[in-house]
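Residue numbers (the numbering used here), protein chains in the order written: chain G, 25 to 237; chain F, 25 to 237.
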DNA sequence: ATAATGAATATTTAATTGAATATTCATTAT
DNA sequence: ATAATGAATATTCAATTAAATATTCATTAT
């Protein structure tokens with residue numbers, strides 16, 4: 025019991041430090057946040073933080089991972105709404121991803137900096153996120169197949185293809201190019217086109233050389 | 025006649041300067057290339073360059089625009105091959121775009137730096153490029169409709185949607201994430217899916233609530 | 001023993017300034 | 001008049017160092 029008690033206490037301290045750090049990272053960014061400030065916010069010495077974290081970057085990495093988790097939870101929610109068709113789930117998925125991406129870029133600029141910095145050191149964080157999004161897409165596809173909405177042979181490769189098609193809406197850098205409103209319209213156009221492909225029945229119009237005018 | 029003569033001479037000098045500049049930009053990058061070096065390569069004084077260009081950035085901007093032009097010409101060629109079906113043209117278009125993008129990133133790193141720098145000052149260069157690519161896509165679509173390969177109502181909005189879907193293959197930054205081989209596979213998957221959407225006949229499977237098991 | 005600290009050390013950032021480079025301009029050559 | 005130049009000026013870059021910050025550790029408190 026004693027050891028459990030201690031581990032829980034440890035986690036509480038870790039959480040307290042991370043919460044304080046995140047507030048400062050959000051407001052001032054990674055570089056302008058000092059370990060001394062984080063420590064002061066937690067009413068402890070700077071040195072004591074190092075009992076709980078290896079270094080500043082570890083704290084930032086965990087903050088970023090948490091943010092990504094939160095973002096993914098939004099998407100998961102939309103991707104599994106019981107009152108929605110598979111098509112609606114797919115559209116919701118894409119628009120939510122876009123909204124998240126835009127928010128990170130424009131509202132949460134400091135977090136975006138942090139994300140850029142951390143993911144350049146730990147690309148596996150991004151890969152894990154993409155893998156999770158593709159799982160969600162696959163689930164939407166399987167749901168669509170089960171309801172008869174979609175005709176899809178290979179849900180894994182199709183989920184990959186869909187993610188590639190909508191990746192541009194999940195890359196904060198691209199948010200520079202157009203206002204959100206334009207991106208929404210573009211995302212909707214892409215979803216419309218994808219939905220046609222997904223409900224494709226296989227009755228391909230054969231191309232006959234020279235027959236049309 | 026005299027004035028024409030002079031203008032032609034002017035253009036010849038401009039071309040000579042730009043050629044010399046491009047060689048240095050390619051090898052050493054924008055910052056490590058000095059106006060003095062460019063001038064020496066052209067056997068003229070530094071000051072004389074300013075008779076032909078407003079400043080160093082203008083020279084770089086024109087070099088970049090030329091490079092983009094060259095890249096687009098490759099794509100144009102593929103997009104209008106007489107011996108190819110519309111589907112083949114579309115696939116060629118995407119794979120060529122990807123190849124260009126990858127080359128710029130990995131082989132022509134210095135030019136990529138330049139491109140990044142110039143397009144941050146002149147986003148219209150990128151917008152023009154995207155507009156031209158969308159025109160080419162539209163031409164492929166119209167060709168596909170004319171041969172009966174594609175069923176597309178609105179070629180303009182569909183061309184936009186296709187560009188959005190494949191934009192990730194046209195963003196040098198993304199070349200970091202996977203090797204070219206993987207990107208090629210992804211691009212092919214996306215094209216496969218898009219082609220299904222394009223040849224979609226409109227006979228949509230209706231989703232009937234609760235009817236499947 | 002565990003948690004925490006203050007002080008010492010190592011590393012990073014920020015300010016300074018001299019050197020390199022871009023740009024301008026008065027003057028010269030054609 | 002047009003083209004070109006050398007020298008003057010403005011701007012940017014890079015090396016230097018002082019200050020700030022991250023990290024470690026010996027010591028103290030619980």
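Think of the CB as a built atom: it goes at the ideal place given N, C-alpha and C, for glycine as much as any other residue.
**Message:** Here's the rule: buried if 16 or more other CB atoms are within 10 angstroms of the residue's CB, otherwise exposed. What is residue 56(F)?
**Reply:** The count along the second chain starts at 1 and reaches residue 56(F) at position 32. So residue 56(F) counts as exposed.
Is it the case that the Cβ atoms of residue 141(G) and residue 74(G) are separated by a distance below 8 Å? The sequence position of residue 141(G) within the first chain is 117, counting from 1. The sequence position of residue 74(G) within the first chain is 50, counting from 1. Cβ atoms of residue 141(G) and residue 74(G): not closer than 8 Å.
> What residue range is occupied by the uninterrupted alpha helix (DSSP H) comprising residue 126(G)?
Replying inline: One-based indexing of the first chain puts residue 126(G) at position 102. Residue 126(G) -> alpha helix (DSSP H) spans 110–130.
Are residue 45(F) and residue 62(F) touching if we call contact CB-CB under 8 Å? As a first step, residue 45(F) must be located in the second chain, where it is residue number 21. As a first step, residue 62(F) must be located in the second chain, where it is residue number 38. Yes; because the gap between Cβ atoms is below 8 Å, this pair is in contact.
message = Check for me: the alpha helix (DSSP H) holding residue 84(F) runs from which residue to which?
response = Along the second chain, one-based indexing puts residue 84(F) at 60. Note, residue 84(F): alpha helix (DSSP H), 80–103.
- Interface positions of the stretch 177–190 of chain G facing chain F (Cβ-Cβ less than 8 Å), listed along the chain: With the criterion set as a beta carbon lying under 8 Å from some beta carbon of chain F, the members of the stretch 177–190 of chain G are 181, 182, 184, 185, 186, 188, 189 and 190, in sequence order.
Mind pulling the alpha helix (DSSP H) runs of 4 or more residues that sit fully within the stretch 204–228 of chain G?
Qualifying alpha helix (DSSP H) stretches, in chain order: 204–222.
Does the CB of residue 216(F) have a neighbour CB from chain G at under 8 Å? On the second chain, residue 216(F) is found 192 positions in, with the first residue counted as 1. True, the Cβ-Cβ gap to chain G drops below 8 Å.
Checklist entry - Quick one: does residue 228(G) have its CB under 8 Å from some CB of chain F? => result As a position in the first chain, residue 228(G) is number 204, starting the count at 1. Residue confidence is low: residue 228(G) scores 42 on pLDDT, short of 50, so the model does not pin down where it sits. No coordinate-derived value is stated.
Residue nearest to residue 109(F) in terms of C-alpha spacing, selected from 171(F), 34(F), 99(F) and 138(F) = If you number the second chain from 1, residue 109(F) lands on position 85. Comparing alpha-carbon positions, the option among 171(F), 34(F), 99(F) and 138(F) lying closest to residue 109(F) turns out to be 171(F).
### Task
Indicate the three-state DSSP secondary structure (helix, strand or coil) for residue 56(G) in the structure shown.
Your numbering for residue 56(G) matches position 32 in the first chain. Note: residue 56(G) maps to coil in three-state DSSP.
Handout entry: Classification of residue 206(G) by the beta-carbon crowding that lies within 10 angstroms, buried from 16 upward
Key = In the first chain, counting from the first residue as 1, residue 206(G) sits at position 182. Around the Cβ of residue 206(G), a 10 Å sphere holds fewer than 16 other Cβ atoms; the residue is exposed.
Check whether the stretch 211–224 of chain F touches the stretch 199–215 of chain G, counting contact only when three or more Cβ pairs, one atom from each stretch, lie closer than 8 Å. In short, these stretches do not touch, since the Cβ pair count stays below three.
inquiry  = Once DSSP output is grouped into helix, strand and coil, what is the label at residue 236(F)?
reply    = Position 212 of the second chain, counting from 1, holds the residue named residue 236(F). Unreliable placement is indicated for residue 236(F), whose pLDDT of 41 sits below 50; no coordinate value is reported for it.
Please list, in chain order, all residues of the same chain as residue 159(G) whose beta carbon is under 8 Å from its beta carbon, the five residues on each side excluded.
Residue numbering aside, residue 159(G) sits at position 135 when the first chain is read from its first letter. Around residue 159(G): 183.
### Query
So, is residue 99(G) buried or exposed, given that buried needs 16 or more other C-beta atoms within 10 angstroms?
Counting from one through the first chain, the residue named residue 99(G) turns up at place 75. Around the Cβ of residue 99(G), a 10 Å sphere holds 16 or more other Cβ atoms; the residue is buried.
Exposed or buried, residue 220(G), counting other C-beta atoms within 10 Å across all chains shown (16 or more means buried)? On the first chain, position 196 is the one that residue 220(G) refers to. Buried, by the Cβ-count rule.
Original post:
Cα-Cα, which of 133(G), 151(G), 48(G) and 166(G) is closest to residue 83(G)?
Top reply: Here residue 83(G) corresponds to residue number 59 of the first chain, with the count starting at 1. Residue 48(G) is the option with its Cα nearest to residue 83(G).
Taking the C-alpha atoms as reference points, what is the distance between residue 162(F) and residue 70(F)? Working through the second chain from its first residue, we reach residue 162(F) at position 138. Working through the second chain from its first residue, we reach residue 70(F) at position 46. Straight across, the Cα-Cα distance linking residue 162(F) with residue 70(F) is about 46 Å.
How is the alpha helix (DSSP H) around residue 72(F) delimited, first residue to last?
As a first step, residue 72(F) is located in the second chain; it is residue number 48 there, counting from the start. Residues 70–76.
Under three-state DSSP, which class holds residue 168(F)? To locate residue 168(F), count along the second chain from 1; it is residue 144. Look at residue 168(F) here: in three-state DSSP terms it is helix.
| Are three or more beta carbon pairs between the stretch 110–130 of chain G and the stretch 188–202 of chain G nearer than 8 Å? | Yes, the stretch 110–130 of chain G is in contact with the stretch 188–202 of chain G.
Cross-chain neighbours of residue 153(F) in chain G, by beta carbon under 8 Å:
As a working mapping, residue 153(F) is identified with position 129 in the second chain. Chain G residues near residue 153(F): none, gap ~12 Å exceeds 8 Å.
Below 8 Å on the Cβ atoms is my contact criterion, and I expect residue 95(G) with residue 103(G) to pass it. Report the Cβ-Cβ distance as a whole number of Å. By one-based count along the first chain, residue 95(G) stands at place 71. By one-based count along the first chain, residue 103(G) stands at place 79. Beta-carbon to beta-carbon, residue 95(G) and residue 103(G) are separated by about 13 Å, too far to satisfy the 8 Å threshold.
Query raised in the report: Are the beta-carbon atoms belonging to residue 126(G) and residue 204(G) less than 8 Å from one another?
Result: Within the first chain, the letter at position 102 stands for residue 126(G). Within the first chain, the letter at position 180 stands for residue 204(G). Taking a C-beta distance under 8 Å as the contact criterion, residue 126(G) and residue 204(G) qualify as a contact pair.
(Q) Check whether the stretch 138–154 of chain G and the stretch 141–152 of chain F touch, using three or more Cβ-Cβ pairs below 8 Å as the test. (A) In this structure the stretch 138–154 of chain G does not lie against the stretch 141–152 of chain F, because fewer than three pairs of beta carbons, one per stretch, are closer than 8 Å.
Sequence-distant residues of its chain with Cβ nearer than 6 Å to residue 139(G) (five each side left out)
What you label residue 139(G) is simply residue 115 of the first chain in a count that begins at 1. Correct list, in chain order: 88.
Identify the contact partners of residue 197(F) in chain G, using a Cβ-Cβ distance below 7 Å as the criterion.
Within the second chain, the letter at position 173 stands for residue 197(F). Ordered by position in chain G, the residues that pass the 7 Å Cβ test against residue 197(F) are 197.
Give me the chain F residues within the contact set of residue 116(G), using Cβ-Cβ distance strictly less than 7 Å, ordered along the chain.
Position 92 of the first chain, counted from the start, is the residue given in the question as residue 116(G). Per Cβ cutoff of 7 Å: no residues; residue 116(G) is ~16 Å from chain F at best.
- Task: Spatial neighbours of residue 227(G) within its chain, please: CB distance less than 8 Å, with the 5 preceding and 5 following residues excluded, ordered by chain position.
- Result: For this step, residue 227(G) is matched to residue 203 along the first chain. Because residue 227(G) carries a pLDDT of 47, less than 50, the predicted location of this residue cannot be relied on, and no value is offered for it.
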